[in-house]
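Chemist:
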Amino acid sequence: APNVVEDEIDQYLSKQDGKIYRSRDPQLCRHGPLGKCVHCVPLEGEVCCPGEHQLQD
Numbered sequence: 013a014p015n016v017v018e019d020e021i022d023q024y025l026s027k028q029d030g031k032i033y034r035s036r037d038p039q040l041c042r043h044g045p046l047g048k049c050v051h052c053v054p055l056e057g058e059v060c061c062p063g064e065h066q067l068q069d
């Protein structure tokens with residue numbers, strides 16, 4: 013099998029946890045700076061399957 017080298021961006025993304033981090037929103041969050049609520053807790057990234065989204069021309 014030939015040696016395959018992943019792109020730098022692929023190596024970087026494979027080390028990430030896939031979450032979308034959000035900062036505290038002063039208008040919606042009613043907790044202190046170290047707390048988390050539904051408005052600022054990290055979102056789970058989507059797991060997509062090939063062909064799940066149909067693109068139209």
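Going by the working numbering, the first residue of the sequence shown is number 13, and it counts up by one from there.
Think of the CB as a built atom: it goes at the ideal place given N, C-alpha and C, for glycine as much as any other residue.
(1) Is the distance from the Cβ of G57 to the Cβ of I21 below 9 Å?
(2) Can you tell me which of V16, P14, V17, H51 puts its alpha carbon nearest to the alpha carbon of Q37?
(3) Would P14 pass as a contact of R34 if the rule is Cβ separation under 9 Å?
Modeler: Working from what's here:
(1) no
(2) A small correction: the amino acid at residue 37 is Asp; Gln does not occupy that position in the sequence shown. Nearest option by C-alpha distance: H51.
(3) No.
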